[in-house]
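In our numbering, the protein residues as written are 591 to 727.
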């Protein structure tokens, strides 16, 4: 089954932006812009938008070690990590998606500190995968 998303952008004189159509399926995807340019990408969930690609999946096993070494269990309950912290959200109950986990790890929120700069991109991807895989039931 193919899902198509049409993104309407206000045309810009400087950049020549126009409507963009992105198709996703089990086949390679093709992105067309109003300038006539086509970009073909591999499947696997990566989407190119504005020159940036989404972070690839991390290694959940390595993420378990990052979760422990960064002290995540001191604040968060996560059965897979054997942690029962009660300062931050109970991750088993909240079952956050990958985008939210990555954002919170990078930027922090409320009492949670930002870990961008403390953890590298691979560690962030790894701990994100660990949390998501551990809570997706």
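Glycine included, C-beta positions come from ideal geometry on N, C-alpha and C.
Task: DSSP bridge partner residues for residue 699 (one or two, in chain order) - done: On the chain shown, position 109 is the one that residue 699 refers to. Residue 699 pairs with 702.
Review point. Candidates 688, 687, 694, 689: which alpha carbon is nearest residue 678's?
Key: To locate residue 678, count along the chain shown from 1; it is residue 88. Minimum Cα distance to residue 678 is reached at 694.
*How close, in whole Å, do the beta carbons of residue 672 and residue 716 come, if the pair is a contact with beta carbons under 8 Å?*
Position 82 of the chain shown, counting from 1, holds the residue named residue 672. Position 126 of the chain shown, counting from 1, holds the residue named residue 716. Going by Cβ atoms, the distance from residue 672 to residue 716 rounds to 18 Å, so no, they are not a contact pair.
Looking only at DSSP bridge pairs, what is residue 667 linked to?
-> Reading the chain shown from its first residue, position 77 is the one you call residue 667. Residue 667 pairs with 674.
* **Bridge partner(s) assigned by DSSP for residue 681** => As a first step, residue 681 must be located in the chain shown, where it is residue number 91. Note: residue 681 sits in no beta bridge, so no partner.
Between which residues of its own chain and residue 656 is the CB-CB distance below 6 Å, once the five residues before and five after are set aside? Residue 656 sits at position 66 when you count from the first residue of the chain shown. Cβ neighbours of residue 656 beyond the five flanking positions: 713, 716, 717.
* Asked: Looking at the C-beta of residue 663, does it have a partner C-beta in chain C at a distance below 7 Å?
  -> Absence of chain C from the displayed structure is noted, only one protein chain being present.
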